[in-house]
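For what it's worth, the UniProt record's numbering labels the leading residue of the sequence shown as 1, then goes sequentially.
Where a beta carbon is used, it is the ideal one built from N, C-alpha and C, also for glycine.
Given the structure is predicted, the values throughout are model-derived calculations rather than measurements.
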Amino acid sequence: MMLLAIKRGSLLFLKALLIPLVFIIINLFRGRTTNFLGLAIGLAIVWLVFIGLTYLGVYDRMLRFFSNDSKK
């Protein structure tokens, strides 16, 4: 069960990772520096949160809620 949560949480994290990646690329093109250590620590924490929420079933409940909401 936990391995499935790690897999699904990681896939969800990779989908959400695109959002901060766009801002990092824009800042690098502007010549601004990025604190990559802070970024790595923050992303690791967010990854663990996604895995925890998936393990607790929050992600499945959200999918069910939004799929039922669209059928009404």
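The beta-carbon distance between I51 and A5, rounded to whole angstroms, is 6 Å. This is short enough to meet the 8 Å contact definition. DSSP places G42 within a helical segment (H, G or I) once states are collapsed to three. Taking the CA atoms as reference points, R64 sits about 16 Å from L12.
For R30, the enclosing alpha helix (DSSP H) begins and ends at 2-30. Between I24 and T33 a beta carbon distance of about 11 Å is seen, past the 8 Å cut, so the two are scored as non-contacting.
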